[in-house]
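Here the structure is laid out as structure tokens; the discussion comes afterwards.
Residue numbers (the working numbering): 202 to 430.
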């Protein structure tokens with residue numbers, strides 16, 4: 202069943218979006234589609250709440266604890282770093298990694314707090330050196346539409362004003378001249394689940410095949426920005 206070349210690496214695909222934009226649903230649908238095509242697949246989700254750091258993040262997100270903005274941002278980053286080597290190993294072993302949120306969320310959610318001492322460039326700096334995705338899918342959704350979906354408001358960041366800032370920052374990354382713009386594809390998450398899946402799988406299939414065929418043999422690292430922001 203597994204057609205992935207054992208000597209070739211897997212792809213690294215990230216699904217980003219506002220809260221309640223359908224990330225988890227689409228992540229599982231991508232997994233199912235790739236498995237049916239014979240790829241080896243593993244799912245990841247950030248924050249990973251199963252680690253000690255992840256438990257601290259979970260308590261913060263559920264408003265059980267309060268942490269200074271820089272502190273919680275660096276905990277989010279540390280949560281990614283503590284799993285980076287395992288992600289790299291899995292990809293080297295031929296697994297395609299599908300990740301529900303990654304450093305894009307970490308950067309924009311922290312910057313969206315409008316703390317003058319926590320800018321977008323400051324927030325991104327700790328991410329330099331992490332595994333760089335082959336593809337980042339951003340599920341775009343109007344915050345007022347997300348607000349109507351089940352479970353909205355359960356966690357700290359699920360407020361319309363915050364979500365509006367987050368959305369603007371994601372679009373700013375996409376409009377920039379930095380590597381994030383070349384890696385990200387934006388899809389309308391306001392469509393039906395089936396329509397979104399159809400759209401998303403076009404990019405996923407293309408990138409997965411390119412990696413499988415050896416067109417991108419090396420897993421890249423997140424680099425420094427080319428210019429100051």
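Yeah, the Cβ is synthetic: ideal placement off N, Cα and C, and Gly gets one too.
Since the model is a prediction, treat every value here as computed from it, not as a measurement.
In whole angstroms, what separates the C-alpha of residue 333 from that of residue 393?
-> Residue 393 has its alpha-carbon roughly 29 Å from the corresponding atom of residue 333.
Beta-bridge pairing of residue 337 - partner residues as DSSP gives them | Per DSSP, the beta bridge partners of residue 337 are 215, 385.
Find out if the Cβ-Cβ distance for the pair residue 305, residue 262 is shorter than 8 Å.
-> In this structure, residue 305 sits away from residue 262, with a CB-CB distance that is not shorter than 8 Å.
Is the segment 292-311 in contact with the segment 239-259, if contact means three or more CB pairs nearer than 8 Å?
-> Result yes; three or more Cβ-Cβ pairs closer than 8 Å.
Pick out the complete alpha helix (DSSP H) segments inside the segment 224-293, 4 residues or longer, and give them in chain order.
-> Counting whole runs of 4 or more residues, the segment 224-293 contains the alpha helix (DSSP H) stretches 224-237, 253-262, 270-293.
How big is the Cα-Cα spacing for residue 280 and residue 311?
-> Within the model, the alpha-carbon separation for residue 280 versus residue 311 is close to 15 Å.
Using beta-carbon positions only, say whether residue 415 and residue 209 come within less than 8 Å of one another.
-> Contact flag set, yes.
Which listed residue (258, 265, 283) has its alpha carbon closest to that of residue 271 | Of the candidates 258, 265, 283, the one whose C-alpha sits nearest the C-alpha of residue 271 is 258.
Determine the burial state of residue 248: buried for a count of at least 16 other Cβ atoms within 10 Å of its Cβ, exposed for fewer.
-> Residue 248 comes out buried.
Identify the continuous alpha helix (DSSP H) that holds residue 303 and give its terminal residues.
-> Bounds of any alpha helix (DSSP H) do not take in residue 303, whose DSSP letter is neither H nor E.
Below 8 Å on the Cβ atoms is my guess for residue 363 versus residue 313; work out the distance and round it to an integer in Å.
-> With a contact defined as Cβ atoms closer than 8 Å, residue 363 and residue 313 qualify at about 6 Å.
Measure the CB-CB distance between residue 408 and residue 211 and report whether it falls below 8 Å.
-> No, these two residues do not count as a Cβ contact at 8 Å.
Reference residue 365; option with closest CA among 233, 226, 343 | Residue 365 has its Cα closest to that of 343, out of 233, 226, 343.
Helix or strand or just coil, what does DSSP make of residue 366?
-> Of the three classes helix, strand and coil, the one that applies to residue 366 here is helix, per DSSP.
Per DSSP, what kind of secondary structure is residue 332 in: helix, strand or coil?
-> Reduced to three states, the DSSP call for residue 332 is strand.
Could you spell out where the alpha helix (DSSP H) holding residue 348 opens and where it closes?
-> Looking at the DSSP string, the run of the alpha helix (DSSP H) that includes residue 348 is 344-348.
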